[in-house]
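Line by line, the protein sequences give chains A and B. Per the numbering used here, the very first residue in the first sequence carries number 67; after that it's consecutive. Per the numbering used here, the very first residue in the second sequence carries number 18; after that it's consecutive. Heads up, the beta-carbon is just placed ideally off N, CA and C, and yes, glycines get one too.
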Amino acid sequence: DAKTTQPPSMDCAEGRAANLPCNHSTISGNEYVYWYRQIHSQGPQYIIHGLKNNETNEMASLIITEDRKSSTLILPHATLRDTAVYYCIVRPRNQAGTALIFGKGTTLSVSS
Amino acid sequence: EAQVTQNPRYLITVTGKKLTVTCSQNMNHEYMSWYRQDPGLGLRQIYYSMNVEVTDKGDVPEGYKVSRKEKRNFPLILESPSPNQTSLYFCASSYAGNQPQHFGDGTRLSIL
Chain A
67 DAKTTQPPSM DCAEGRAANL PCNHSTISGN EYVYWYRQIH SQGPQYIIHG
117 LKNNETNEMA SLIITEDRKS STLILPHATL RDTAVYYCIV RPRNQAGTAL
167 IFGKGTTLSV SS
Chain B
18 EAQVTQNPRY LITVTGKKLT VTCSQNMNHE YMSWYRQDPG LGLRQIYYSM
68 NVEVTDKGDV PEGYKVSRKE KRNFPLILES PSPNQTSLYF CASSYAGNQP
118 QHFGDGTRLS IL
């Protein structure tokens, strides 16, 4: 069973920030939050991950609440090419080899 | 360019005819993995490999074989394909089993 809950779909206007929420209320202390996305039927693409501090890279920012029970992926200036299914995944740091558990994700639709 | 390459991208074949889907990565990654993606079921791990000559079953290994004779290659073998193996397959790799994974573009198999 997926350990995360995400809204099934979201819309965003091109150029605006897209804020995708994820609930992971049962997360444990050694588990990271990962975000991947899948554009149409292409291979999933890694976006960002974090443990407890907020993280930022060239693609997105990840905001994790202080209690770690939820997080938000922020795409600061969404474009049409960001239309995809976004997956929030919780994964233990020390369980090498275990599968990434992709839930149903959030389908983000960016429109002009 | 860092990439995971799968071949073929598309294949239509018949029940019982052995086939191999190749996967190669050029990032010197130790960890490689195979997933299948089916509507309503998401991505499920078939097999993974922590390093050369080290392979292990994922969640849905029945009907598949793998080998890891070289670090860069991780072929998926269907000895006697059946229609229930019709699916979209992804190969992934990472530096180690608990690091972000890079995915190939996918192989769409149709077994008639």
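Between B:Gln62 and B:Asp73, the gap from beta carbon to beta carbon reaches 7 Å or more. Between A:Tyr112 and B:Pro117, the alpha-carbon positions lie close to 7 Å from each other. Taking a beta-carbon distance threshold of 7 Å, A:Pro110 counts as an interface residue toward chain B. For A:Val176 and A:Cys78, the gap between their C-alpha atoms comes out near 5 Å.
When only Cα atoms are considered, B:Thr39 and B:Tyr81 end up about 13 Å apart. Within chain B, the residues whose beta carbon sits less than 9 Å from that of A:Gly169 are Gly59, listed in sequence order. By the Cβ rule, the segment 91-102 of chain B counts as touching the segment 121-129 of chain B, because three or more pairs are nearer than 8 Å.
Any Cβ of chain B closer than 7 Å to the Cβ of A:Ala165 would place that residue at the interface, and such an atom is present. CA-CA distance, B:Val83 to B:Arg89, rounds to 13 Å. Secondary structure at A:Arg147: helix, using DSSP grouped into helix, strand and coil. Contact between A:Ser75 and A:Thr173 holds: their C-beta atoms lie close to 5 Å from each other, under 8 Å. Residue pairing by DSSP places B:Met49 opposite B:Ser66, B:Ser110 in a beta bridge. Against chain A, the CB of B:Asp55 has no partner CB under 7 Å away; the residue lies outside that interface. If you look at A:Ser137, you'll find it in the beta strand (DSSP E) that goes 136-141.
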